[in-house]
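As you go down the protein sequences, you meet chains V and B in turn. Going by the working numbering, the first sequence opens with residue 77, and the numbers climb by one from there. Going by the working numbering, the second sequence opens with residue 388, and the numbers climb by one from there. We treat Cβ as the ideally placed atom computed from N, Cα and C, and that holds for glycine. Please read these numbers as outputs of a predicted model, since none were measured by experiment. All remarks here apply to the structure that follows.
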Amino acid sequence: MESGNMRYLAPKTVTEAAQLLADSDGIARVLAGGTDLLVQMKAETIAPDLLVDIKHIPGMREITAEAGGWRIGAAVPGAHISEHAGLKADWPGVVEAAALIGSTQVQGRASIVGNLCNASPAADSVPALVAADARVQITGPKGTRDCAVIEIPVGPGKTTLQRGEIVTAVLLPARTGIGADACLRFIPRTEMDIAVCSAAVNVTLDESGRCSAARVALGAVAPVVLLVEEAADILVGSRLDRATLERLQSVCSKAARPIDDKRGTAEFRREVVGVMARRAARLAAERATAKAGEKA
Amino acid sequence: MSKTHVTTTINGTRTEFLCEANETLLTVLRDRLHLTGAKEGCGSGDCGACSVTLNGRLVASCLVLGVEAEGAEITTVEGMAEGGELHPLQQKFLDLAALQCGVCTPGILVAAKALLEKNPDPSEQEVRYWLAGNLCRCTGYDKIIKAVLAAAADLRGAA
């Protein structure tokens with residue numbers, strides 16, 4: 077690894093961390109799990125002058141209940157997310173999406189905030205976060221703000237984060253009513269691959285079992301994750317029956333704007349992302365119905 | 388550039404070392420501490436040959452910086468055998484010939500031990516998924532999976 081003069085600092089507060097990043101006159105990067113950053117350093121696609129390790133800041137490695145929903149600290153690794161029963165009960169799709177990232181070894185370190193800020197169009201956890209309407213909390217030199225997850229990535233490797241800003245947590249909203257989410261990814265094998273395409277669906281059911289709210293997000297079929305409102309509109313008011321899901325599939329295939337690359341052709345991605353969306357919607361509906369059964 | 392002084396615990400022993408900020412934990416283990424069990428296969432977190440545990444979590448030590456080990460608890464393959472006695476996983480790998488060239492073996496042993504601590508009775512499928520990040524170019528995996536399942540059965544019997 078080059079960058080022999082790189083400095084490594086592990087501040088104890090987020091204010092200090094943001095200030096270090098803002099004051100750095102070279103290339104500065106936040107270090108959480110490091111599973112993207114260290115690979116980029118090794119490949120010499122980036123040679124930081126400063127790494128700011130945020131893992132020693134209180135709360136960064138914690139999952140806590142907040143405002144009826146959940147706060148996931150920016151350095152919480154995937155393995156921790158998978159072990160969290162409360163999070164899994166509310167947001168099974170987010171948990172399964174986080175678990176898609178890399179191997180067991182990568183899961184020991186990789187965070188969903190890192191996955192988001194790396195800004196890959198194929199990021200495994202982002203469609204589920206968008207479908208969940210998750211927000212992120214950000215601290216920068218000018219203070220703290222929060223914004224929707226979907227507002228962070230703007231293209232491959234590019235985000236809206238300003239100099240010195242650190243995403244400190246993902247905030248998952250409270251579940252209102254009976255709802256569940258699901259996320260599916262297509263890869264040519266069963267593990268350890270980058271998404272050809274993916275889809276996440278989040279549904280809420282009313283007491284009669286009708287869909288009262290929905291969000292549908294597609295991954296790896298555009299430069300950023302797509303939130304397909306037309307697809308959600310099809311689900312709302314329906315009983316998520318077969319005919320509805322077939323329409324959902326068709327709308328999602330049409331909404332996709334994929335490219336041809338070594339992982340798949342645009343035509344193939346368009347077809348398969350619709351199938352992923354249909355299956356994810358069915359899975360989310362099954363999970364929500366099962367929850368309704370538990371409550372009855 | 389001045390080196391950073393790091394105090395850590397490796398296989399239960401308090402250990403101190405000096406390293407550069409950009410050195411990986413794998414480099415520190417192998418080149419500074421002469422714990423050469425963990426291997427560098429890919430250097431990018433894909434092959435699992437450098438697997439160790441860091442504060443109880445299985446990680447690729449090529450994707451951890453040495454300086455991040457400050458205050459941490461690390462275990463490596465060197466900590467598996469107790470005295471002269473091999474860990475049941477190590478013994479089963481020998482008994483069932485679950486290795487050929489051996490480069491992947493330390494990482495697989497560390498990964499398999501982490502699995503059995505979390506799940507003492509894994510299915511074959513669970514073992515295969517857990518070890519998906521440990522590549523082996525020799526065995527075709529079947530013998531590895533069988534050895535892990537056999538060691539798990541032994542450990543359950545002994546418990």
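Restricting attention to alpha helix (DSSP H) runs no shorter than 4 residues, the segment 110 to 136 of chain V encloses them at 113 to 118, ordered along the chain. From the beta-carbon of SER431 (chain B), the residues of chain V found nearer than 7 Å are VAL115, LYS118. Chain B has no Cβ within less than 9 Å of the Cβ of VAL189 (chain V).
The three-state secondary structure of ASP222 (chain V), taken from DSSP, is strand.
The beta carbon of ARG211 (chain V) sits closer than 7 Å to those of ASP222, CYS223, ALA224, VAL225, LEU247, all from its chain and outside the five residues before and after it, given in chain order.
Counting along the chain, the unbroken alpha helix (DSSP H) around VAL189 (chain V) starts and ends at 188 to 193. Rounded to whole angstroms, the gap between the alpha carbons of GLN477 (chain B) and ALA436 (chain B) is 16 Å. If you look at THR395 (chain B), you'll find it in the beta strand (DSSP E) that goes 391 to 397. If one requires a minimum length of 4 residues, no alpha helix (DSSP H) run lies completely within the segment 405 to 474 of chain B. Scanning the segment 279 to 342 of chain V for uninterrupted alpha helix (DSSP H) segments of 4 residues or longer gives 305 to 311, 318 to 331, listed from N- to C-terminal end. At least one beta carbon of chain V lies nearer than 9 Å to the beta carbon of SER438 (chain B). Here VAL170 (chain V) has ALA204, ALA208 as same chain residues with Cβ atoms under 6 Å from its own Cβ, once five neighbours each way along the sequence are excluded. Between the segment 160 to 170 of chain V and the segment 246 to 265 of chain V there are three or more inter-stretch CB-CB distances shorter than 8 Å, so the stretches are counted as touching. No Cβ of chain V is located within less than 9 Å of the beta carbon of ALA484 (chain B). Of all residues in the segment 444 to 465 of chain B, only ARG444, LEU445, VAL446, ALA447, CYS449, LEU450, VAL451, LEU452, VAL454, GLU455, GLU457 place a beta-carbon less than 8 Å from a beta-carbon of chain V.
Taking 7 Å as the Cβ-Cβ cut-off, the segment 498 to 521 of chain B approaches chain V at ALA498, TYR516, TRP517, ALA519, GLY520, given in chain order. By the Cβ test, the segment 517 to 527 of chain B is in contact with the segment 487 to 499 of chain B, since at least three Cβ pairs between them sit closer than 8 Å. When secondary structure is reduced to three states using DSSP, ILE254 (chain V) falls in the strand class. Closer than 9 Å to the CB of ASN409 (chain B) there is at least one CB belonging to chain V.
When DSSP states are grouped into helix, strand and coil, TRP517 (chain B) belongs to the helix group. Judged by their CB atoms, GLY295 (chain V) and ALA271 (chain V) are nearer to each other than the 9 Å cut-off.
Straight-line spacing of the CA atoms in LYS338 (chain V) and ARG345 (chain V) works out to 12 Å. Pairing ARG137 (chain V) with VAL446 (chain B) gives a Cβ-Cβ distance that is not under 9 Å. In terms of beta-carbon proximity, LEU441 (chain B) lines the interface with chain V, with at least one pair separated by less than 9 Å.
Under the DSSP assignment, VAL230 (chain V) falls in the beta strand (DSSP E) whose first and last residues are 229 to 231.
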